[in-house]
Amino acid sequence: MIVFKENLGKWAMGSVLVVAYCFLYMPILHILFASLSSHPNFPYPPEFNTGSYVRLYTNSVYQSAFVNSLIIAACTSILSTVLGFLATVGVLRFGGKRTLFYAVFFAGPLFVSEILLGISSMSLYYLVFGLQGNMVSAIIANSVHCFSFSFLIMAAMLYKYDWRMNEAAIVCGASPFRAFIEVMLPLTWSGILGSLIVAFVLSLNGLDISFYLLGATPTMPSVAWGALRYGVKPELYALSSIINIAVFAAILGLYLMIRSRKNGVA
């Protein structure tokens with residue numbers, strides 16, 4: 001009887017897991033099938049056709065939107081990761097009794113909606129500084145949003161870090177920069193890479209912030225949102241599939257690197 005209950009519990013948990021994965025990933029698979037089908041509206045059974053990818057190669061609007069989104073995402077991920085790393089080191093190393101206060105303060109943007117952050121950033125840059133919406137202001141606003149995620153990822157990585165290793169390296173004659181490169185970076189690179197990936201994905205898919213700060217400058221989310229009014233074209237399915245494959249490849253690469261690192265240490 002006990003064995004039957006254990007097997008029943010395993011089957012129930014397995015069924016819930018399968019349903020959850022189907023709920024999460026079936027839309028992504030649907031987009032992939034739609035991009036490769038002659039009938040994108042209902043691509044079942046799929047009639048494989050790569051015409052949407054060929055048209056994507058000659059579509060200047062989608063190409064421009066993809067390049068703009070890529071620039072914003074790359075710059076945002078680097079800026080937010082650098083600032084998040086510096087803020088985490090400052091809070092955990094020199095925060096003292098106010099560490100919790102600083103941590104809550106830096107995590108504050110997590111509780112602000114993206115649309116409110118986009119509107120307030122537009123008002124700040126235009127009314128206070130007299131700046132029109134452009135790529136730079138969009139990168140700064142996205143970095144404010146992604147900074148909190150980077151800070152939390154870095155804090156989880158550096159919470160148990162032994163700062164005496166840096167001091168020992170400096171005592172042995174290493175410069176602070178060399179101590180960071182040879183001592184701290186090998187132990188924290190997975191958190192830095194994870195922060196880069198998270199910030200990149202968030203800013204690549206963000207609509208609200210870029211919408212208010214870029215105006216007519218196309219990005220992937222704004223083009224996808226505008227396409228809903230006239231019907232989604234197969235080229236958008238193709239571009240979305242390429243982005244999804246690239247994101248999953250980056251996550252898989254990070255996972256394999258962490259696994260190889262652990263096996264090497266073991």
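Quick note, the sequence shown lines up with residues 1 to 266 if you use the UniProt record's numbering. Note that the Cβ used here is the ideal one computed from N, Cα and C, for glycine as well.
A direct Cα-to-Cα measurement between residue 252 and residue 10 gives close to 27 Å. Around the Cβ of residue 114, a 10 Å sphere holds 16 or more other Cβ atoms; the residue is buried. Inter-residue distance for residue 67 and residue 254 is about 24 Å (C-alpha atoms, whole angstroms). According to the DSSP assignment, residue 114 belongs to the alpha helix (DSSP H) that extends over 114-123. For the pair residue 31 and residue 189, the Cα-to-Cα distance works out to about 33 Å.
In summary, residue 211 is buried, with 16 or more beta-carbon neighbours lying within 10 Å of its beta-carbon over all protein chains present. Residue 62 is positioned such that its CB atom lies no closer than 7 Å to that of residue 193.
Annotation for residue 154: the continuous alpha helix (DSSP H) segment containing it runs 135-158. A Cβ-Cβ separation of about 23 Å leaves residue 28 out of contact with residue 142 under the 8 Å criterion.
Put simply, the backbone Cα of residue 191 is about 14 Å away from that of residue 200. Distance between residue 125 and residue 138, taken at the CA atoms: about 10 Å. Residue 108 and residue 83 have their C-alpha atoms roughly 15 Å apart. For residue 59, the CB contacts under 6 Å within the same chain, skipping 5 residues up- and downstream, are 235 in chain order.
Contact fails between the stretch 172-179 and the stretch 221-232, because fewer than three Cβ pairs, one in each stretch, are under 8 Å apart.
The Cβ neighbour count for residue 85, taken over all protein chains shown within 10 Å, is at least 16; the residue is labelled buried.
When secondary structure is reduced to three states using DSSP, residue 37 falls in the strand class. Per the DSSP secondary-structure output, residue 48 pairs in a beta bridge with 37.
If you keep only unbroken alpha helix (DSSP H) runs of at least 4 residues inside the stretch 54-111, you get 60-94 and 99-106. Contact check for residue 69 and residue 219: beta-carbon distance about 5 Å, within the 8 Å limit, so the pair qualifies. Membership of residue 167 in the alpha helix (DSSP H) is indicated by the continuous run 164-171. Just so you know, the alpha carbons of residue 91 and residue 174 end up roughly 24 Å apart. For residue 175, the secondary structure class from DSSP, reduced to helix, strand or coil, is coil.
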